[in-house]
Amino acid sequence: QYQFWPQLPMDWPAFPCFSRIAVLILLIFLPLRASEDRLVPGKTLSPGATIVSYGGAFVLGFFSLSNSSTPARMYVGIWYNNIPELTVVWVGNRGNPASNTTSPMLSLTNSSNLVLSDGDGGRVIWTTTNMGTAAGSSPSVAVLLNTGNLVVRSLNGTTLWQSFEHHTDTLLPGMKLRFKYMQNGTSNRLVSWKGPSDPSPGRFSYGGDTSTFPQIFLWDEERPVSRSAPWTGYLVKSELRYQQANSTADVIIYLAVVDGDDEIYTTYSVSDGAPHTRQERKWEKTQECIVASNEYLI
6 QYQFWPQLPM DWPAFPCFSR IAVLILLIFL PLRASEDRLV PGKTLSPGAT
56 IVSYGGAFVL GFFSLSNSST PARMYVGIWY NNIPELTVVW VGNRGNPASN
106 TTSPMLSLTN SSNLVLSDGD GGRVIWTTTN MGTAAGSSPS VAVLLNTGNL
156 VVRSLNGTTL WQSFEHHTDT LLPGMKLRFK YMQNGTSNRL VSWKGPSDPS
206 PGRFSYGGDT STFPQIFLWD EERPVSRSAP WTGYLVKSEL RYQQANSTAD
256 VIIYLAVVDG DDEIYTTYSV SDGAPHTRQE RKWEKTQECI VASNEYLI
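Everything in the sequence shown is counted per the numbering used here, starting at 6 for the first residue and increasing by one.
Below, the structure written as structure tokens:
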């Protein structure tokens, strides 16, 4: 059952500091190109090499945010392809950086887990924990989709793991921000970076609260800073419209609350033909949330 948010800025979900929240509209004209979009067992990904989604919108690879540190801290992440500034939307090992001196590599194991390790096959830096019933029962592949979702799936199409289920600080179209997962009663959050050059988990987080009616909180560590009004099940429609630069067509963003048998979550989608869009939260270390965004025209 799909339940839609009311027209903003009504009380649900009036995001914390909504007047300062901007939806980042990325206008990217992407050339079609043939490129490897997947990782299979027996193949590794090393710094300097990348995987590009079929369609060319996103890149998976290693990145470093500082040119001065020796050894440099390396992260496995996903970012937008072909825009001037590195714009990371997901980080795997955000709390445990690799070092460029140990030749790190990312591989897909026969047990269908992604593993980031030192190049000599020694220390495991980061790994997925694949709990799917099909894990290890058949060959698998890790595919970077043109939505920005990195998916590990079996050859019969069963999804075993996906980055969309493991948030960092960015919500892409189609991602779920859960108020409640019925199986274990948990929710998930967007968690800020510590700083512009440090993607490790910061002090601010943003997401659902499971103890009351579904509502969105902004936390400073574990202290609530602000919240939306609770959603109590009413059915109304919500759309946000943004005027594209140098175009007469609007970008329409559809916001929704989905109340299903197993979970309650929020999500959003964009109109057909819309440029790449993301919602990103950047928090300054104050009691007031501040969100920065930029527009790129390529």
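Every residue gets a Cβ at the ideal spot worked out from N, C-alpha and C, and that includes glycine.
Which same chain residues, not among the five before or five after asparagine 161, have their C-beta less than 6 Å away from its C-beta? Locating residue 161 in the sequence shown gives position 156, counting from the first residue. Contacts found: none.
Kindly identify the DSSP beta-bridge partner or partners of threonine 49. As a first step, residue 49 must be located in the sequence shown, where it is residue number 44. DSSP, once it has assigned bridges, lists Ser112 as partnering threonine 49.
Please classify valine 129 as buried or exposed, where buried requires at least 16 other C-beta atoms within 10 Å of its C-beta. Within the sequence shown, the letter at position 124 stands for residue 129. Counting of Cβ neighbours within 10 angstroms places valine 129 among the exposed residues, the total staying below 16.
Taking 8 Å as the threshold, find out whether the region 42 to 50 comes into contact with the region 109 to 116 through three or more Cβ pairs. Because the criterion of three Cβ pairs below 8 Å is met, the region 42 to 50 and the region 109 to 116 touch.
Verify whether the separation of the beta carbon atoms of serine 63 and glycine 179 is less than 8 Å. For the purposes of this step, residue 63 is identified with residue 58 of the sequence shown, where counting begins at 1. For the purposes of this step, residue 179 is identified with residue 174 of the sequence shown, where counting begins at 1. The sequence given here has phenylalanine at residue 63, not serine. Not closer than 8 Å, so no.
For glycine 207 versus asparagine 193, is the C-beta spacing smaller than 8 Å? The count along the sequence shown starts at 1 and reaches residue 207 at position 202. The count along the sequence shown starts at 1 and reaches residue 193 at position 188. For glycine 207 and asparagine 193, no; Cβs fall outside 8 Å.
For histidine 171, count neighbouring Cβ atoms within 10 angstroms of its own Cβ and tell me buried if that reaches 16, exposed if not. As a working mapping, residue 171 is identified with position 166 in the sequence shown. With a threshold of 16 other beta carbon atoms within 10 Å, histidine 171 falls short and is exposed.
Quick check: what's the CA-CA separation for proline 52 versus valine 120? As a first step, residue 52 must be located in the sequence shown, where it is residue number 47. As a first step, residue 120 must be located in the sequence shown, where it is residue number 115. The alpha-carbon atoms of proline 52 and valine 120 are separated by roughly 14 Å.
Pop quiz: threonine 132 and tryptophan 166 are said to be a contact at Cβ under 8 Å. What is the actual Cβ separation, rounded to whole angstroms? Within the sequence shown, the letter at position 127 stands for residue 132. Within the sequence shown, the letter at position 161 stands for residue 166. Distance from threonine 132 to tryptophan 166 at the Cβ level is roughly 10 Å; contact not present, criterion being Cβ atoms closer than 8 Å.
How many whole angstroms separate the CB atoms of glycine 61 and asparagine 86, which I take to be in contact at a CB cut-off of 8 Å? Position 56 of the sequence shown, counted from the start, is the residue given in the question as residue 61. Position 81 of the sequence shown, counted from the start, is the residue given in the question as residue 86. The beta carbons of glycine 61 and asparagine 86 sit about 6 Å from each other, so the pair counts as a contact at 8 Å.
Alpha carbon of leucine 223 to alpha carbon of leucine 155, nearest angstrom: Residue 223 sits at position 218 when you count from the first residue of the sequence shown. Residue 155 sits at position 150 when you count from the first residue of the sequence shown. Their backbone Cα atoms lie some 27 Å apart in a straight line.
Leaving out five residues on either side along the sequence, give the residues of the same chain with a beta carbon under 7 Å from the beta carbon of glycine 82. Working through the sequence shown from its first residue, we reach residue 82 at position 77. Closer than 7 Å at Cβ, skipping near neighbours: Phe68, Val93, Trp95, Val96, Gly97.
Could you pull out every residue in the same chain whose Cβ sits closer than 8 Å to the Cβ of leucine 195, ignoring the five residues on either side in sequence? As a position in the sequence shown, residue 195 is number 190, starting the count at 1. Excluding residues within five positions, the ones whose Cβ falls inside 8 Å are His172, Thr173, Asp174, Thr175, Leu176, Leu182, Ser210, Tyr211, Gly212, Arg286.
Apply the 10 Å Cβ neighbour rule to alanine 147 and answer buried if 16 or more other Cβ atoms are within range, or exposed otherwise. As a first step, residue 147 must be located in the sequence shown, where it is residue number 142. Counting of Cβ neighbours within 10 angstroms places alanine 147 among the buried residues, the total reaching 16 or more.
I'd like the span of the beta strand (DSSP E) that includes alanine 77, first residue to last. Taking the first residue of the sequence shown as position 1, residue 77 is located at position 72. No beta strand (DSSP E) holds alanine 77; DSSP gives it neither H nor E.
Buried or exposed by the 16-neighbour rule on C-beta atoms within 10 Å, applied to arginine 228: In the sequence shown, the residue the question calls residue 228 occupies position 223. Exposed, because fewer than 16 other Cβ atoms sit within 10 Å of the Cβ of arginine 228.
Provide the residue span of the beta strand (DSSP E) that contains glutamate 90, from first to last. On the sequence shown, residue 90 is found 85 positions in, with the first residue counted as 1. Taken as a continuous stretch (DSSP letters only), glutamate 90 belongs to no beta strand (DSSP E), as it is neither H nor E.
Under the rule that 16 or more other beta-carbon atoms within 10 Å means buried, what is leucine 149, buried or exposed? The count along the sequence shown starts at 1 and reaches residue 149 at position 144. So leucine 149 counts as buried.
With 16 other Cβ atoms within 10 Å as the buried cut-off, status of serine 122: Taking the sequence shown and counting its residues from 1, one reaches residue 122 at position 117. Flag for serine 122 reads buried.
So aspartate 264 is in the beta strand (DSSP E); what residue range does that whole segment cover? Here residue 264 refers to the residue found at position 259 when the sequence shown is read from its first residue. Start and end: 255 to 264.
On the CB-based measure, 16 or more other CB atoms within 10 Å of its CB, does serine 145 come out buried or exposed? Here the question's residue 145 lines up with position 140 in the sequence shown. Around the CB of serine 145, 16 or more other CB atoms lie within 10 Å, so the residue is classed as buried.
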